Amino acid sequence: MFGMYGLAEAVNLLCENAGLNARYGKNETANELGYRISAQLADFVENTPVKYGWKQRALLHAQSGISSDSGTTPGARLPYGDEPDPITHLQTVAPHHAFYHAGISDILTLDETIKRNPQALVQLCLGAFKAGMREFTANVSGNDLVRVTGYMVRLSDLTKFRAEGSRTNTTWLGEEAARNTRILERQPRVVSHEQQMRFSQ
């Protein structure tokens, strides 16, 4: 695999250096730059022979982040705490998914009102897949069990871990991620009828 992370920071830095008032996930100019970066990375990886790879090629992978990452957004995700509404979020990141054959994902945090309207979540998922998403996780605000990056953690275990420690599960990774990254700043968002992505078969 050829792994990539920090696309949001790269795009924001390139925009800043070019004198553009554009931010990844907030502005079409910045988003288009992100898509061009993903396309060029995919082309480079696809056309560069490697000794040990599938058909002598590596596969591009959007790294989902590790607990010790600090100041860096995983893969092609939008920065935590500054995400737009779920539909804009998914429409922004979906075009990247075609380039990352070894894996790419995203994590949304939805307002707990989604529990009373599961059909809205179904429509969101179907619309996301139609837009090109390969996969994503929908955490529900207020739930104890959440996906951090590539693993699940109980938020209630984080405080307990800080006091008692643990050697038998992923809580220590979740606690480190909560301390070093901005995962707990993910914004719960509402999927409203007015902005819902519609899926028709």
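Residues in the sequence shown are numbered consecutively from 47, following the numbering used here. Note that the Cβ used here is the ideal one computed from N, Cα and C, for glycine as well. Quantities reported herein were computed from a predicted structural model and do not represent experimental measurements.
For threonine 195 and methionine 50, the rounded distance between their alpha carbons: Your numbering for residue 50 matches position 4 in the sequence shown. Your numbering for residue 195 matches position 149 in the sequence shown. Cα-Cα distance, rounded: 15 Å.
Assuming tyrosine 81 contacts histidine 142 under a Cβ cut-off of 8 Å, what Cβ separation, rounded to an integer in Å, is found between them? Counting from one through the sequence shown, the residue named residue 81 turns up at place 35. Counting from one through the sequence shown, the residue named residue 142 turns up at place 96. Confirmed, Cβ separation roughly 7 Å.
Backbone CA spacing between alanine 88 and tyrosine 146 [nearest angstrom]: Numbered from its first residue, the sequence shown carries residue 88 at position 42. Numbered from its first residue, the sequence shown carries residue 146 at position 100. About 7 Å.
One or two residues paired with threonine 155 in a DSSP bridge: Taking the first residue of the sequence shown as 1, we reach residue 155 at position 109. Paired residues: Asn185.
Neighbourhood of leucine 53 by C-beta, 6 Å cutoff - its chain only, sequence neighbours within 5 removed: As a first step, residue 53 must be located in the sequence shown, where it is residue number 7. Here the set comprises Gly80, Ala122.
Report yes if the C-beta distance between threonine 159 and arginine 232 is below 8 Å; otherwise report no. The residue you call residue 159 lines up with position 113 of the sequence shown. The residue you call residue 232 lines up with position 186 of the sequence shown. No, they are not a contact pair.
What is the rounded straight-line gap between the Cα of arginine 103 and the Cα of glutamine 109? One-based indexing of the sequence shown puts residue 103 at position 57. One-based indexing of the sequence shown puts residue 109 at position 63. If I take the Cα positions, the gap works out to 18 Å.
What are the start and end residues of the alpha helix (DSSP H) that includes histidine 135? For the purposes of this step, residue 135 is taken as the residue at position 89 of the sequence shown. From DSSP, the alpha helix (DSSP H) with histidine 135 extends over 132 to 139.
CA-CA distance, alanine 166 and glycine 173? Sequence index remark: in the sequence shown, residue 166 carries index 120 (1-based). Sequence index remark: in the sequence shown, residue 173 carries index 127 (1-based). In a straight line, the C-alpha of alanine 166 is about 10 Å away from that of glycine 173.
Indicate whether proline 125 and threonine 134 have their beta-carbon atoms separated by less than 8 Å. Counted from its first residue, the sequence shown places residue 125 at position 79. Counted from its first residue, the sequence shown places residue 134 at position 88. Here proline 125 is not near threonine 134, since their CB atoms are 8 Å or more apart.
Can glutamate 181 be considered in contact with the ligand PLP, in the sense that its beta carbon sits closer than 7 Å to one or more heavy atoms? As far as ligands go, the structure on display features none, and thus does not contain the ligand PLP.
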